[in-house]
Amino acid sequence: MTAIRHIFFDIGGVLGSNGWDREQRRRAVEEFELESDDFQCRHEEVVGEWEEGRITLDEYLDIAVFHSPREFSRRKFVDFMFAQSIPNEPVVDLARALTREARFTLMTLNNEADELNRHRIGKFGISDVFEAFLSSCWLGVRKPTQRFYSRALAIAQADPETSLFIDDREQNIAPARALGMGALLFTSADQLRSDLERVLHLELPGA
977 MTAIRHIFFD IGGVLGSNGW DREQRRRAVE EFELESDDFQ CRHEEVVGEW
1027 EEGRITLDEY LDIAVFHSPR EFSRRKFVDF MFAQSIPNEP VVDLARALTR
1077 EARFTLMTLN NEADELNRHR IGKFGISDVF EAFLSSCWLG VRKPTQRFYS
1127 RALAIAQADP ETSLFIDDRE QNIAPARALG MGALLFTSAD QLRSDLERVL
1177 HLELPGA
């Protein structure tokens, strides 16, 4: 592999828990006694627009949850959504260690709605780790479309051959590789540390 200059991290599933994926929505169904199939159908109808920044969190909730009177408040539901975000501290520490290497520029590549994205960047404590957050809500397109990666690379002014992408889903890694980017499939902090040391030829701190 050509010497790496840009390293792109996914957020959900790598730097921390997912924001509003199946597991988090299942908990919401149980906590708020939602009708599962109806909620899932309504979610799927608008999640693309929400994650690509075309509608707000309030508009998403109007359609997916508050289309009929509820015994719980909107604030309580949003607080529950935000509480599902848990940082993966060992991975955040790995990213932080990489920032001390002047040869690397670190950015994120993730699918996320604006409100959740801002909350998670703050909660995970990564605003000073990454040079930029190339998120679907601000790019206007989502992984795994190639346009997402092409747009991100253009904004970063990054060469695919000197770029490394880390994600926990093979379907997101495949298009990055097709563009010529290096890619690592994340399974654990220990695995990522080992792979980064091998690819980048450096020693990183343990957990």
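Just so you know, we're using this note's numbering here: the sequence shown kicks off at 977 and counts up by one. Glycine included, each C-beta is placed from N, C-alpha and C at the ideal position. Since this is a predicted model, take the numbers as computed values, not measurements.
Taking C-beta atoms as the reference points, D1090 and C1113 count as a pair closer than 9 Å.
Under the three-state reduction of DSSP output, N1093 falls in the helix class. In the assembly as shown, G1101 is an exposed residue. Its beta-carbon has fewer than 16 other beta-carbons within 10 Å. Along the length of the segment 1064-1112, whole beta strand (DSSP E) runs at least 3 residues long occupy 1081-1086, 1108-1111, reported in chain order.
From the listed residues R1079, H1095, V1117, F1048, the smallest Cα separation to H1177 is found for R1079. Excluding residues up to 5 positions away in sequence, V1022, W1026 lie with their Cβ nearer than 6 Å to the Cβ of Y1036 in the same chain. Closest in alpha carbon position to N1087, among R1050, L1115, P1063, E1009, is L1115. Between the beta-carbon of G995 and that of L1092 there is about 4 Å, and that keeps the pair under the 8 Å contact cut.
Cβ neighbours of L1180 within its own chain (closer than 7 Å, five residues either side excluded): L1070, A1073, R1169, L1172, E1173. In the same chain as A1004, and ignoring 5 residues on each side of it, the C-beta atoms closer than 7 Å to its own belong to L1010, F1056, in chain order. One thing to note: D1143 has its Cβ within 9 Å of the Cβ of K1119. In its chain, beyond the 5 residues on either side, L1037, F1042 have a beta carbon closer than 7 Å to the beta carbon of R1050. As DSSP reads the structure, L1140 sits in a beta bridge with I983, G1158. In this structure, the CA atom of Q1000 is about 19 Å from the CA atom of E1065.
Boundaries of the alpha helix (DSSP H) harbouring Q1016: 1012-1027, taken from the DSSP string. When the five nearest sequence neighbours on each side are left out, the beta carbons in the same chain lying within less than 8 Å of the beta carbon of H1095 are those of F1058, S1061, in order along the chain. G988 is bridged by DSSP to G992. Residue burial annotation: A979 is exposed, with fewer than 16 other C-beta atoms found within 10 angstroms of its C-beta. The distance from the Cβ of Y1125 to that of L1155 is about 5 Å, consistent with a contact at the 8 Å cut-off. Per DSSP, the continuous alpha helix (DSSP H) segment holding A1004 begins and ends at 998-1008.
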